[in-house]
Amino acid sequence: MTFDIFWRAVAIGIGATVLMDIWAIFLNLAFAQPRPSWGLVGRWVWHLREKVFHDDIGKAAPYAHE
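Under our numbering, residues 1 to 66 are what the sequence shown spells out, in order.
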């Protein structure tokens, strides 16, 4: 039973990722909205050990191999 829940969670995660990517492409093509910068999410996760909230995560210090 636990493997069933695991595989359902994996399928939902993959499906959600695909839908978000398709939605971002649609917004880019239809409205010229820039695609999301997932590097900033990685930077925020990296800086979680220091603090959770930032005034501007784009101005936070980058880390190696970002």
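For every residue, glycine included, the Cβ atom is placed at its ideal position computed from N, Cα and C.
### Message
My output table needs one value for Asp21: the three-state DSSP class, helix, strand or coil.
### Response
What you label residue 21 is simply residue 21 of the sequence shown in a count that begins at 1. Correct three-state label for Asp21: helix.
Taking only three categories from DSSP, how would you classify Asp56?
For the purposes of this step, residue 56 is taken as residue 56 along the sequence shown, with counting starting at 1. Here Asp56 sits in coil by DSSP.
Exercise for the section: Evaluate the contact criterion for the segment 40-50 versus the segment 59-66: three or more CB pairs, one atom per stretch, below 8 Å. Expected result: yes
Whose CA, out of Ser37, Arg8, Val10, lies closest to the CA of Asp21? In the sequence shown, residue 21 corresponds to position 21, counting from 1. Checked all of Ser37, Arg8, Val10; the closest Cα to Asp21 is Ser37.
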